[in-house]
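At position 25 of the sequence shown (counting the first as 1) the number is 28 in the working numbering, and the numbers step up by one without a gap. Notes follow once the structure below has been shown.
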Amino acid sequence: AMTAFQKTVQVDPANGGAWYEIGVAQYNKADYAGALASYQKAVSIDPNNALVNANLASTFRQLQRFADANAAYKLAEPGNEKNPDLYSEWGFCLGKTNEWDKSVVRLNTARGLSPTAVDNTNLGWAYYNAARQDKEAGREVEAKQKLELARQYLQTAVTLDSKMDAAYVNLGSTNNSLGDHQAAADALNTALSLRREGEIAIIAMNQLGLSYKGLNNLVKAIEILKIATSLDSKNQFGLFSLGEVYHLSGNEKEAKKIQSQLKKLNPAFAGKLDSVLKGKIPKV
């Protein structure tokens, strides 16, 4: 089929349908650079083709060109208003460009079209990060409202699928942000029972350390954060939390060791830990 389509475009370079089919074949073989070139040819021939624009957007997403993907999804939307996958992918890419409120809108649309555990998880993830953005900007009321919505959708996700490890991680992170550390620990321990390795597991351990710190169980906090930082020696968030917990436990020697280790990775973050060791509470 690929040979036939390639012969077609040799004879008729303006055959957008053939360029599209070549792009599909290349995408399915994970040849995203080739697919990008083919889809761009197809879209130059038929700029308003919703299907071609949607596939072009997905290709930009695979290449981690998220801003380009967002522009292509916008062109693909007319004609794809009932396609939950388009809105799900678009919401993800908007999150990757830190446009969290826009991400929430698209993922809300995806959830409305497909209220599965995955779509509830994605929406909860977006609300959690939108809340963090509000908190950093001092919008405390808006942040609290979004965290409550994040918890609602993530709880729905784990009710629909009790094996959804990513949902448990985000639910734990959300409960930590809301100050409900026991509920956070419960969710994060469930996540770790489902997945003990990889990036998701390390994030879960980082957050579980915060849960135990919030519960004033500093021994457990140190235990889990030591595991997280041993699995990933460049885990800056975990190192910061471990240094902070050592300080709270009165072990200044180990806290300073962590600060020295962190200074090699991120001097600014090490400076924030230094403020903690001096009794200040920096914004992290």
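Even glycine gets a Cβ: it sits at the ideal position worked out from N, Cα and C.
- Straight-line spacing of the CA atoms in A273 and S263 works out to 8 Å.
- Residue range 221 to 234 is occupied by the alpha helix (DSSP H) that includes K229.
- Between the C-alpha atoms of T159 and K223 there is a straight-line separation of about 29 Å.
- For L66, the three-state secondary structure derived from DSSP is coil.
- The continuous alpha helix (DSSP H) containing P270 extends over residues 270 to 280.
- Contact check for A57 against G26 fails: the beta carbons are separated by 8 Å or more.
- Comparing alpha carbon positions, the residue from L265, S41, K266, L251 closest to L280 is L251.
- The Cβ atoms of L197 and D168 sit closer than 8 Å to each other.
- Comparing C-alpha distances from I206 to each of K229, N254, D189, G241 shows the shortest one belongs to G241.
- Shortest Cα-Cα distance from S91 to any of S106, L276, G82, K77 involves S106.
- About 16 Å separates the Cβ atoms of P81 and L116, ruling out a contact at the 8 Å cut-off.
- In this structure R199 is exposed. Its beta-carbon is surrounded by fewer than 16 other beta-carbon atoms within 10 angstroms.
- Per the coordinates, the alpha-carbon of G182 lies some 12 Å from the alpha-carbon of E151.
- The three-state reading of DSSP puts L197 in helix, counting H, G and I together.
- Counting the other CB atoms within 10 Å of its CB gives T124 a total of 16 or more, which places it among the buried residues.
- In its chain, beyond the 5 residues on either side, N56, L59, A60, F63 have a beta carbon closer than 7 Å to the beta carbon of A75.
- L157 and V121 have their alpha carbons spaced roughly 10 Å apart.
- Membership of E24 in the alpha helix (DSSP H) is indicated by the continuous run 19 to 31.
- I261 is the residue among L218, I203, I261, N219 whose C-alpha sits nearest the C-alpha of K229.
- N209 and A194 have their C-alpha atoms roughly 12 Å apart.
- In this model, K259 and G246 are separated by some 7 Å (Cα to Cα).
- Within the same chain, Cβ atoms closer than 7 Å to the Cβ of L213 are found at N179, S244, the five residues on either side in sequence being excluded.
- Between the C-alpha atoms of Q155 and W22 there is a straight-line separation of about 44 Å.
- Annotation: T119 is outside any alpha helix (DSSP H) and is labelled neither H nor E by DSSP.
- Annotated as distal: W103 and A72, with beta-carbon spacing of 8 Å or more.
- Looking from the CA of T100, the closest CA among G20, R114, F69 belongs to F69.
- 8 Å or more divides the Cβ of L211 from the Cβ of N238.
- Judged by their CB atoms, Q29 and G20 are not nearer to each other than the 8 Å cut-off.
- Within 10 angstroms of the beta-carbon of A33 lie fewer than 16 other beta-carbons, which makes it exposed.
- In the structure shown, P87 falls within a helical segment according to DSSP collapsed to helix, strand and coil.
- Sorting Q67, A170, E145, A204 by C-alpha distance to the C-alpha of Y35 places Q67 at the top.
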